[in-house]
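Trainee: First, the structure itself, so that you have it in front of you.
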Amino acid sequence: GSLTPEQAKRFQDDGFLVLPDYASATQVRAMLARADQLLDAFDPATVPRSVFSTVDQKRTSDAYFLDSGNHVSFFFEEDAFDETTSELRRPKALSVNKLGHALHDLDPTFRAFSRSKKIARTLRTLGMRDPTPVQSMYIFKQPGIGGEVTPHQARSIHWFPYDRDSTFLHTTPRTCAGVWVALEDCTKANGCLWALRASHKEGVHRRMVLAPEAERPDAGTPGWRGNVTFEGEYPTFDLAAFEPLETKAGTMVLLHGENVHYSAPNKSDASRHAYSVHFVEADATWDERNWLQRR
177 GSLTPEQAKR FQDDGFLVLP DYASATQVRA MLARADQLLD AFDPATVPRS
227 VFSTVDQKRT SDAYFLDSGN HVSFFFEEDA FDETTSELRR PKALSVNKLG
277 HALHDLDPTF RAFSRSKKIA RTLRTLGMRD PTPVQSMYIF KQPGIGGEVT
327 PHQARSIHWF PYDRDSTFLH TTPRTCAGVW VALEDCTKAN GCLWALRASH
377 KEGVHRRMVL APEAERPDAG TPGWRGNVTF EGEYPTFDLA AFEPLETKAG
427 TMVLLHGENV HYSAPNKSDA SRHAYSVHFV EADATWDERN WLQRR
């Protein structure tokens, strides 16, 4: 699990690192099978029809989403429901966008992988002292409708699909790191990751935080647990500068918390399952305004 000095330097320079064959075939099969079991047992009628979208910010006011850091919750694709009948357009197994956000704690299969000594050694090679998983997602990236994830830093929401993980998960000092594992082959056709080299050196432009009381439009409604707002603005990124990270099943992609990355919609006929975990230093101060607040 330890990285070579050359690999560690590449990560520090680029803000991401691709590690082929990191997860064993046995681990990949176990996670795929466990996701199938969870889906088989899932009754869509028992939960709100919560749609996961990184393009439409409405999901941030969803109490089901805000409480998902304490559960293994199911989120549907944006196009999963028929607008006229409100019924699923496709079978349940092809309608769920992701599972989140406490698989790393609450599910034995995903906990074993997330808290493995191998991952801890890898992250310590990058300078972390006590890497602790705080948020996890199983991403289905369904064929034909697999939603885009806008460019982000672990992670932010923008009209465009990029993200920084530290936008969603903030600590003092900033210590967020992302572990993303391909459970199926990932190509440009089925929505692989795209990363912007060295973008982590620019800092965090935008943060998603729990909103001040005066800005919470749904305060007091049944099931309300708070709303969120955004601080700061994202610059416009040149999409031509992003690099596709096409990977085979079992590949791990390490992401600096401030690296800008995204994935496009899956318009192919092949799914693109992946498992993602975010880590922070155990002794870092968790921001009380983060959307994710564990009970």
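For any residue, its number in the working numbering is found by taking its place in the sequence shown, counting from 1, and adding 176. Virtual Cβ for every residue (Gly too), placed ideally from N, Cα, C. None of the values given here were measured: they were computed from a predicted structure.
Output the boundary residues of the alpha helix (DSSP H) element that contains residue 241.
Mentor: First-last of the alpha helix (DSSP H) with residue 241: 239-242.
Trainee: For the putative contact between residue 352 and residue 454, defined by C-beta atoms under 8 Å, what is the C-beta separation to the nearest angstrom?
Mentor: With a Cβ gap of about 6 Å, residue 352 and residue 454 count as contacting.
Trainee: Buried or exposed for residue 460, going by 16 or more other Cβ atoms inside 10 Å?
Mentor: Flag for residue 460 reads buried.
Trainee: Report the residue ranges of all alpha helix (DSSP H) runs contained in full by the segment 342-368; include only those spanning at least 4 residues, in chain order.
Mentor: Listed in chain order, there is nothing to give.
Trainee: Measuring only the C-alpha atoms, how far is residue 189 from residue 223?
Mentor: Approximately 43 Å, taken between the alpha carbons.
Trainee: Helix, strand or coil for residue 468? Go by DSSP, reduced to three states.
Mentor: Of the three classes helix, strand and coil, the one that applies to residue 468 here is coil, per DSSP.
Trainee: Nearest by alpha-carbon distance to residue 409: which of 428, 287, 381, 434 is it?
Mentor: Taking only the C-alpha atoms, the option nearest residue 409 is 381.
Trainee: Can you tell which of 216, 432, 178 has the C-alpha that lies nearest to the C-alpha of residue 297?
Mentor: Considering only alpha carbons, the answer is 178.
Trainee: Classify residue 213 as helix, strand or coil using the three-state DSSP reduction.
Mentor: In this structure, residue 213 counts as helix in the three-state DSSP scheme.
Trainee: Would you call the segment 404-422 and the segment 305-324 touching, i.e. three or more CB-CB distances under 8 Å?
Mentor: No, the segment 404-422 is not in contact with the segment 305-324.
Trainee: Among 308, 269, 312, 272, which residue has its Cα nearest to the Cα of residue 283?
Mentor: Minimum Cα distance to residue 283 is reached at 312.
Trainee: Measure the beta-carbon distance from residue 248 to residue 456 and round it to whole angstroms, keeping in mind my assumption that it falls under 8 Å.
Mentor: That belief does not hold up - the Cβ atoms of residue 248 and residue 456 are roughly 20 Å apart, past 8 Å.
Trainee: Relative to the alpha-carbon of residue 278, which residue among 305, 446, 244 has its alpha-carbon at the smallest distance?
Mentor: Cα-wise, what sits closest to residue 278 is 244.
Trainee: How big is the Cα-Cα spacing for residue 442 and residue 308?
Mentor: Those two C-alpha atoms are separated by around 31 Å.
Trainee: Within 10 Å of its beta-carbon, does residue 180 have 16 or more other beta-carbons around it, so buried, or fewer, so exposed?
Mentor: Exposed, because fewer than 16 other Cβ atoms sit within 10 Å of the Cβ of residue 180.
Trainee: Where do the N-terminal and C-terminal ends of the beta strand (DSSP E) with residue 452 fall, by residue?
Mentor: Unbroken beta strand (DSSP E) run through residue 452: 450-457.
Trainee: With a Cβ-Cβ cutoff of 8 Å, do residue 359 and residue 449 count as a contact?
Mentor: Yes, the pair counts as a contact, with Cβ atoms nearer than the cut-off.
Trainee: Using only the alpha-carbon positions, how far apart do residue 259 and residue 342 sit?
Mentor: Rounded to whole angstroms, residue 259 to residue 342 spans 35 Å at the Cα level.
Trainee: Which whole-angstrom value is the C-beta distance of residue 466 and residue 191, which I expect to be below 8 Å?
Mentor: Between residue 191 and residue 466 the Cβ distance is about 21 Å, and since that is not below 8 Å, they are no contact.
Trainee: What would DSSP say about residue 293, mapped onto helix, strand or coil?
Mentor: The answer is helix: DSSP assigns residue 293 an H, G or I state.
Trainee: Once DSSP output is grouped into helix, strand and coil, what is the label at residue 408?
Mentor: DSSP places residue 408 in coil when its eight states are reduced to three.
Trainee: Who are the Cβ neighbours of residue 299 in its own chain at under 7 Å, not counting the five residues just before and after it?
Mentor: Around residue 299: 307, 353, 455.
Trainee: Who does residue 250 pair with in a DSSP beta bridge?
Mentor: Answer is 275, bridged to residue 250.
Trainee: Under the DSSP definition of a beta bridge, which residues are partnered with residue 311?
Mentor: In the DSSP output, where bridge partners are listed per residue, residue 311 has 454.
Trainee: DSSP puts residue 223 in a beta bridge; with which residues?
Mentor: In the DSSP output, where bridge partners are listed per residue, residue 223 has none listed.
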